[in-house]
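To start, the structure itself, in structure tokens.
Residue numbers (the numbering used here): 78 to 265.
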């Protein structure tokens, strides 16, 4: 004897249509944007505590400011999360940095110079480097009456920064956050 089961998909189709309409809803897109932006904020705040400046000088809290510059918006296809802190994209992608409105970049090499511009110091003396060297010169802090000073800045035509994908959460972390948000949305 044969056992037969008849499966009526009409109710499943209606349920799938309802789920599909919820998956394309503006509310879901906002929730996805919010959850990923919160993930990025947490990641950047953590980075602020784990990535202190290498010179050991005064902290600029660059990554904390970046965490405050995270925004999101719903788009027709999903959501867009952005970080509007200058320098974050450069750190993430890497690349060549060249001076703008100047002849050289001033690269701080002294803890007191970290997070400051050369113009903030009154006692800097320019020392030209020999031709053929990578640096164009040095800016040395030499107080009046002193013969020797300390190097505060190295002057360079450009620098090549390596990309750092750890600036943002991993793709897996982002996908997991989106998946969890969608599941919570569909089950409530």
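Idealized CB from N, CA, C, for every residue including glycine.
- Residue 181 and residue 232 do touch by the CB rule: their CB atoms are close to 4 Å apart, below 8 Å.
- Beta-carbon to beta-carbon, residue 165 and residue 158 are separated by about 12 Å, too far to satisfy the 8 Å threshold.
- With fewer than 16 neighbouring CB atoms inside 10 Å of its own CB, residue 126 falls in the exposed class.
- Here the alpha carbon of residue 219 sits roughly 38 Å from the alpha carbon of residue 161.
- Cβ-Cβ distances below 6 Å link residue 150 to 157 in the same chain, with the five nearest sequence neighbours on each side left out; the list follows chain order.
- By alpha-carbon distance to residue 245, the top candidate from 136, 203, 144 is 144.
- Assignment of beta-bridge partners to residue 218 by DSSP yields 201, 227.
- The three-state secondary structure of residue 190, taken from DSSP, is helix.
- Assigned with DSSP and collapsed to three states, residue 242 falls in helix.
- Under the three-pair Cβ rule at 8 Å, the region 167-179 does not count as touching the region 112-124.
- Note: residue 233 is bridge-paired with 182, 212 in the DSSP secondary-structure output.
- Residue 148 carries a strand assignment under DSSP once its states are collapsed to helix, strand and coil.
- In terms of Cα proximity to residue 201, the closest of 187, 131, 177, 235 is 187.
- Only exposed fits residue 240, as fewer than 16 other CB atoms lie within 10 angstroms of its CB.
- Here the alpha carbons of residue 154 and residue 251 stand approximately 16 Å from one another.
- Pairing residue 174 with residue 228 gives a Cβ-Cβ distance that is not under 7 Å.
- For residue 102, there is no enclosing beta strand (DSSP E), as DSSP gives it neither H nor E.
- Residue pairing by DSSP places residue 172 opposite 238 in a beta bridge.
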